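A.B. asks:
Residue numbers (the numbering used here): -5 to 158.
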């Protein structure tokens, strides 16, 4: 079954329960007319709404696109969408890429981990650096599969040596 935006609008505006109550009220007495009334009410409302929504949606959409090309609105919307996209990608990097080091060293008889220093300077510095390294390699036309295999090799070797 295919649903569209107008299906939700019909549910909000007319309320499915009204059609159900009218049909069920008649059907409870054993009359087949209850099911027929429900079907006719439901179908007619959906049919009329979809025709009107299609007609006015097309008209308003073409008018918008004509005005948008004259007023450079599409360029502004595209610019705003790219800013939003970069913000979402930045949030995804911060929450989905994790990279920590287990390296530690001793200064003045106090053992300090390198990760705690990185976290004090800039939390998430290593994942950000790894992401920028991948972007830089991609811009240098390194194939994606080589970047993935390189990440895999660095992770395996780093864990074997004790860096990660």
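Ideal Cβ positions, reconstructed from N, Cα and C, are used throughout, including at glycine.
Bear in mind the structure is a predicted one, so any value in this text is a computation, not a measurement.
By the three-class DSSP mapping on this structure, what secondary structure does residue 146 have?
C.D. replies: Counting from 1 along the chain shown, the entry for residue 146 is found at position 152. Helix at residue 146.
A.B. asks: To the nearest angstrom, report how far apart residue 133 and residue 84 are at their CA atoms.
C.D. replies: Indexing the chain shown from 1 puts residue 133 at position 139. Indexing the chain shown from 1 puts residue 84 at position 90. One C-alpha to the other measures close to 18 Å.
A.B. asks: Measuring alpha carbon to alpha carbon, tell me which residue in 146, 26, 17 is nearest residue 36.
C.D. replies: Looking up residue 36 in the chain shown gives position 42. Minimum Cα distance to residue 36 is reached at 17.
A.B. asks: Less than 6 Å between C-beta atoms, sequence neighbours within five positions excluded: which residues of the same chain meet that for residue -5?
C.D. replies: Your numbering for residue -5 matches position 1 in the chain shown. Confidence at residue -5 is low in this model, with a pLDDT of 48, below 50, so its placement is unreliable and no value can be given for it.
A.B. asks: Could you tell me which uninterrupted beta strand (DSSP E) segments, each at least 3 residues in length, are contained entirely in the segment 48 to 127, listed from first to last along the chain?
C.D. replies: If we require 3 residues or more, the beta strand (DSSP E) runs fully inside the segment 48 to 127 come out as 98 to 101, 104 to 107.
A.B. asks: Could you say which of 152, 154, 124 lies nearest to residue 141 if we only look at CA atoms?
C.D. replies: Counted from its first residue, the chain shown places residue 141 at position 147. Checking every option, the nearest Cα to that of residue 141 belongs to 124.
A.B. asks: Tell me the rounded alpha-carbon separation between residue 120 and residue 77.
C.D. replies: What you label residue 120 is simply residue 126 of the chain shown in a count that begins at 1. What you label residue 77 is simply residue 83 of the chain shown in a count that begins at 1. Looking at the two C-alpha atoms, the distance is approximately 24 Å.
A.B. asks: In its own chain, which residues sit with a C-beta less than 6 Å from the C-beta of residue 28, not counting the 5 before and 5 after it?
C.D. replies: Indexing the chain shown from 1 puts residue 28 at position 34. The residues are 17, 20, 21.
A.B. asks: Can you give me the Cβ contacts of residue 158 inside the same chain, cut-off strictly under 8 Å, excluding the 5 residues immediately before and after it?
C.D. replies: Sequence index remark: in the chain shown, residue 158 carries index 164 (1-based). Cβ within range, chain order: 93, 94, 95, 96, 149, 152.
A.B. asks: Helix, strand or coil: which one does DSSP assign to residue 41?
C.D. replies: Mapped onto the chain shown, residue 41 falls at position 47. Helix, per DSSP.
A.B. asks: Taking C-beta to C-beta, are residue 68 and residue 75 nearer than 8 Å?
C.D. replies: In the chain shown, the residue the question calls residue 68 occupies position 74. In the chain shown, the residue the question calls residue 75 occupies position 81. No; because the gap between Cβ atoms is not below 8 Å, this pair is not in contact.
A.B. asks: Between the alpha carbons of residue 104 and residue 110, how many angstroms are there, rounded?
C.D. replies: Stepping through the chain shown from its first residue, residue 104 is reached at position 110. Stepping through the chain shown from its first residue, residue 110 is reached at position 116. Using only the alpha carbons, I get a separation of about 13 Å.
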